[in-house]
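K.L.:
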Amino acid sequence: MIEAGDWDRLAEAETLAQKAAEAAIAVTYEAKGEYEASVMLTDDAHIQALNRTWRAKDKPTNVLSFPAPEQPGAAGSRYLGDIALAYETLVRESEEESKELAHHFAHLIVHGVLHLLGYDHEVEAEAEIMEGLEVKALATLGIADPYRDMAA
């Protein structure tokens with residue numbers, strides 16, 4: 051769903067989001083079966099309001115994930131939750147890090163889906179696991195390691 055922002059610049063967003071989400075699920079060992087998630091493409095103002103309301107952080111961010119509670123025994127595909135991405139932050143980070151916009155978008159979708167699956171990066175050991183899964187998922191999409199240049 052496009053809620054706000056100049057997302058026309060990334061015309062392939064829906065297809066790329068689907069592929070990136072599937073790649074994230076494919077690299078996790080827990081992920082078996084069919085999954086669904088919603089993705090809201092928005093702007094910095096709206097994501098800042100969400101970030102303030104749900105995380106008590108009054109600033110925009112690139113991606114937010116809202117995991118849905120697991121419903122044991124529910125028939126059909128499992129609903130993982132919701133992901134929101136901010137257009138201006140995505141563009142700014144892409145430019146600052148000299149990354150292709152579509153590649154950074156795919157990375158944030160992978161990152162968001164991994165959060166929906168229960169992965170986190172608050173402590174170093176968990177961050178290493180999550181980043182490894184991100185790199186692996188992105189490689190299946192032909193996207194280079196987004197952390198490689200950041201370590202230099």
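Basically our numbering = 1-based index in the sequence shown + 50.
All C-beta atoms in this analysis are idealised placements derived from N, C-alpha and C, irrespective of residue type, glycine included.
All figures in this text were calculated on a predicted structure; none of them were measured in a lab.
1. Given Ala202, which residues of its chain have a CB within under 6 Å of its CB, disregarding the five upstream and five downstream residues?
2. How far does the alpha helix (DSSP H) with Val163 in it extend, from its first residue to its last?
3. DSSP state of Ala106, grouped into three classes?
4. What's the C-alpha gap between Val113 and Asp94?
5. Specify, as a first and last residue, the run of the beta strand (DSSP E) that Ser88 falls within.
6. For Glu184 and Tyr85, what's the separation of their Cα atoms in angstroms?
7. Taking 8 Å as the cut-off, decide whether the C-beta atoms of Val160 and Ala61 are in contact.
8. What does DSSP give as the partner residues of Asp132 in its beta bridges?
9. Cα separation between Thr190 and Trp57?
10. Quick check on Ile52: does DSSP put it in helix, strand or coil?
11. In or out: Gly162 buried (at least 16 other Cβ within 10 Å) or exposed?
P.N.:
Short version:
1. Low local confidence applies: a pLDDT of 46 at Ala202 is under 50, so the model's placement there is unreliable, with the coordinate-based value given in what follows. Excluding positions up to five away in sequence, the list is empty.
2. 151-166
3. coil
4. A direct Cα-Cα distance of roughly 10 Å separates Val113 from Asp94.
5. 85-92
6. 18 Å
7. no
8. The secondary-structure analysis by DSSP pairs Asp132 across a beta bridge with Ser88, Phe116.
9. 24 Å
10. strand
11. Result: buried.
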